[in-house]
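Take any residue in the sequence shown, note its place counting from 1, add 208, and you have its number in the working numbering.
In this text, a Cβ means the ideal position worked out from N, Cα and C, and glycines have one as well.
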Amino acid sequence: MDSESHSYFNSSETGKPFEDCISCGLSLKEDPGLPYLVAKSFRGDECIFEYAICEHCRANMAQEFSDESQQALTGFFTQRIEHEKRSQLFSSCHLIDPWIQKCAACDTPRRETTTHSLGGILLGEAMVYDPYPLCLCGTCEEEIQSLLSHQTLGIWDDFVQTNFDCPPGQQLDLPTRDRPALF
Ligand SMILES: [Zn+2]
Ligand SMILES: [Zn+2]
209 MDSESHSYFN
219 SSETGKPFED
229 CISCGLSLKE
239 DPGLPYLVAK
249 SFRGDECIFE
259 YAICEHCRAN
269 MAQEFSDESQ
279 QALTGFFTQR
289 IEHEKRSQLF
299 SSCHLIDPWI
309 QKCAACDTPR
319 RETTTHSLGG
329 ILLGEAMVYD
339 PYPLCLCGTC
349 EEEIQSLLSH
359 QTLGIWDDFV
369 QTNFDCPPGQ
379 QLDLPTRDRP
389 ALF
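This is the structure we're talking about:
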């Protein structure tokens, strides 16, 4: 395991692995069998938003999304991401870098994006590969959010408002202006 690139998914605030689920507060170390998602948004090299959420909370939230939105999200990830090509990365190497070098949907190099987000699934401190970890550029994030119903965006806004200090659209400087990426 490459510990250097692994730090992509550490908390930028502490420099260490995330410790708690942002939603239920569960210690992510306590249940080594429970995967969790780490999502981070960047403007250039600066991390502007980050969180870790346990699989239970993520599944609960996804269930609240409208059927339409769930289908739209699945459709986007199935059609726009070249899963087979990405899977080959797994057989060739076990490094994080190749997985997040480009936007998974439009192939724009990460370094050339103004804003982008990274999503990774971790189990303890181990990365769970394929289809994650992945990078989405700000443009593709906007496209994803434009596919979601108002109801679903409302649920996502509530999540952000409940779990982060500032309400959406006020101080957050995010790729999608007021909402972090959905992975
Ligand atoms: Zn949780
Ligand atoms: Zn893109």
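Member of the options whose CA lies at the smallest distance from the CA of residue i
i           : options            : result
residue 283 : 255, 262, 313, 305 : 313
residue 337 : 346, 302, 355, 225 : 302
residue 368 : 243, 239, 390      : 390
residue 335 : 234, 241, 235      : 241
residue 323 : 238, 279, 387, 364 : 387
residue 279 : 352, 218, 252, 294 : 352
residue 346 : 234, 251, 239      : 251
CB contact flag (residue i, residue j, <7 Å)
i           : j           : result
residue 360 : residue 274 : yes
residue 304 : residue 343 : no
residue 246 : residue 328 : yes
residue 311 : residue 265 : no
residue 354 : residue 276 : no
residue 220 : residue 325 : no
residue 244 : residue 330 : yes
residue 272 : residue 363 : yes
Residue interval of the beta strand (DSSP E) (run including residue i)
i           : result
residue 345 : 342-345
residue 329 : 323-331
residue 215 : Residue 215 -> no beta strand (DSSP E), and no H or E assigned at all.
residue 250 : 244-251
residue 334 : 334-336
Segment limits, alpha helix (DSSP H) that includes residue i
i           : result
residue 314 : Where residue 314 is concerned, there is no enclosing alpha helix (DSSP H), given that its DSSP letter is neither H nor E.
residue 257 : Unbroken run through residue 257 is the beta strand (DSSP E), 254-262; no alpha helix (DSSP H).
residue 277 : 275-288
residue 222 : Neither: residue 222 is in no alpha helix (DSSP H) and is coded neither H nor E.
Residue i at chain D interface by Cβ criterion, 7 Å
i           : result
residue 347 : No chain D is part of this structure, which consists of one protein chain only.
Q: Please confirm if the segment 281-298 is in contact with the segment 319-331, defined as three or more CB-CB distances below 8 Å between the two stretches.
A: Counting C-beta pairs with one atom in each stretch, the segment 281-298 and the segment 319-331 have fewer than three that are closer than 8 Å, which means they do not touch.
Q | Cβ contact (3+ pairs, closer than 8 Å) linking the segment 335-355 and the segment 255-265 | A | no
Q: Please list, in chain order, all residues with a C-beta atom less than 7 Å from at least one heavy atom of ligand 1.
A: 229, 231, 232, 234, 261, 262, 264, 265
Q. What does the shell around ligand 2 hold, if a residue joins when its beta-carbon is under 7 Å from any heavy atom?
A. 311, 313, 314, 316, 344, 345, 347, 348
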